[in-house]
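Asks: Sharing a structure, written as structure tokens. Questions coming.
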Amino acid sequence: MPVEQIAGQYQATPKVFGDGQTILVQVDSQGFLKTVDSGSAPVGGGITWGAPTAVAVTAGPASTTLIAANAGRKALLIWNPVGNAQMSVNIAGGAAVLATGTPLLGGALFSLSGAECPVGAVTFIGTAGQSLVYQEGT
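Quick note: the sequence shown, position 96, residue 96 per our numbering, numbers continuous.
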């Protein structure tokens, strides 16, 4: 593989030209390559989190809607508060059935984001009177 040389420029701070462009190759005082960003904003974020919301299991126990469908949902956190009995979660939105959904023990957290995050309704079932908590990211 051929070796190619590049020329770098040393400056204590990256030089900014009049049009906002910076030099792409800069070296430190020993001649080692430094990276210089293009001045664009850092990548990240993009999710706005709603407040945590608790939903109580209805009498019975019976399947209960935890969260309604939201086509703009990007992430979802679901947790079963410490001290609660096991709950079962159905991320497909159909009726939740005890011990057949995704199990969520007391104190456990379930996190979904990106392609795996459901945009449809989510249901759950557990001991009557206990609550499951969710936080939605859009």
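For each residue, glycine too, the CB sits at the ideal point set by N, CA and C.
List the residues that DSSP assigns as beta-bridge partners of Thr58.
Replies: As a working mapping, residue 58 is identified with position 58 in the sequence shown. Answer by DSSP bridge pairing: none, since Thr58 is not bridged.
Asks: Quick one, which of Asn90, Gly126, Val119, Ile125 has its alpha-carbon nearest Gly137's?
Replies: Here residue 137 refers to the residue found at position 137 of the sequence shown. Per the Cα distances, Val119.
Asks: Can you tell me whether Gly72 is buried or exposed? The criterion is at least 16 other CB atoms within 10 Å of its CB, across all chains shown.
Replies: Stepping through the sequence shown from its first residue, residue 72 is reached at position 72. By the neighbour-count rule (16 or more Cβ atoms within 10 Å), Gly72 is not buried but exposed.
Asks: Compare the beta carbon distance of Pro144 and Val133 with 8 Å and say whether it is the shorter of the two.
Replies: It is not possible to answer for residue 144, since the shown part of the chain is limited to 1 through 138.
Asks: Please classify Trp79: is it buried, with 16 or more other beta-carbons within 10 angstroms of its beta-carbon, or exposed?
Replies: Here residue 79 refers to the residue found at position 79 when the sequence shown is read from its first residue. By the neighbour-count rule (16 or more Cβ atoms within 10 Å), Trp79 is buried.
Asks: If you check the beta carbons only, do Val143 and Ala128 fall under 8 Å apart?
Replies: The question about residue 143 has no answer here: the residues shown for the chain are numbered 1 through 138.
Asks: Decide if Ala99 is buried, meaning its Cβ has at least 16 other Cβ atoms within 10 Å, or exposed.
Replies: Taking the sequence shown and counting its residues from 1, one reaches residue 99 at position 99. So Ala99 counts as exposed.
Asks: Count the other C-beta atoms from every protein chain shown that fall within 10 angstroms of the C-beta of Thr64, then say buried if there are 16 or more, exposed otherwise.
Replies: Translated into the one-based positions of the sequence shown, residue 64 becomes position 64. Flag for Thr64 reads buried.
Asks: Going along the chain, which residues of its own chain have a beta-carbon closer than 8 Å to the beta-carbon of Ala51, five neighbours each way excluded?
Replies: Residue 51 sits at position 51 when you count from the first residue of the sequence shown. Excluding sequence neighbours, Ala51 sits near Gln135.
Asks: Assuming Leu109 and Leu77 make a contact with CB atoms under 8 Å, what is their CB distance in whole Å?
Replies: Here residue 109 corresponds to residue number 109 of the sequence shown, with the count starting at 1. Here residue 77 corresponds to residue number 77 of the sequence shown, with the count starting at 1. With a Cβ gap of about 6 Å, Leu109 and Leu77 count as contacting.
Asks: Assuming contact is defined by CB atoms lying nearer than 8 Å, are Ile47 and Lys74 in contact in what I supplied?
Replies: As a first step, residue 47 is located in the sequence shown; it is residue number 47 there, counting from the start. As a first step, residue 74 is located in the sequence shown; it is residue number 74 there, counting from the start. Yes, these two residues count as a Cβ contact at 8 Å.
Asks: Compute the Euclidean distance between the alpha carbons of Ser111 and Leu104, then round it to the nearest angstrom.
Replies: Taking the sequence shown and counting its residues from 1, the one referred to as residue 111 is at position 111. Taking the sequence shown and counting its residues from 1, the one referred to as residue 104 is at position 104. Roughly 11 Å separates the two Cα atoms.
Asks: For Val89, does the count of other Cβ atoms within 10 angstroms reach 16, so buried, or fall short, so exposed?
Replies: Taking the sequence shown and counting its residues from 1, the one referred to as residue 89 is at position 89. The residue in question, Val89, is buried, as its Cβ has 16 or more Cβ neighbours within 10 Å.
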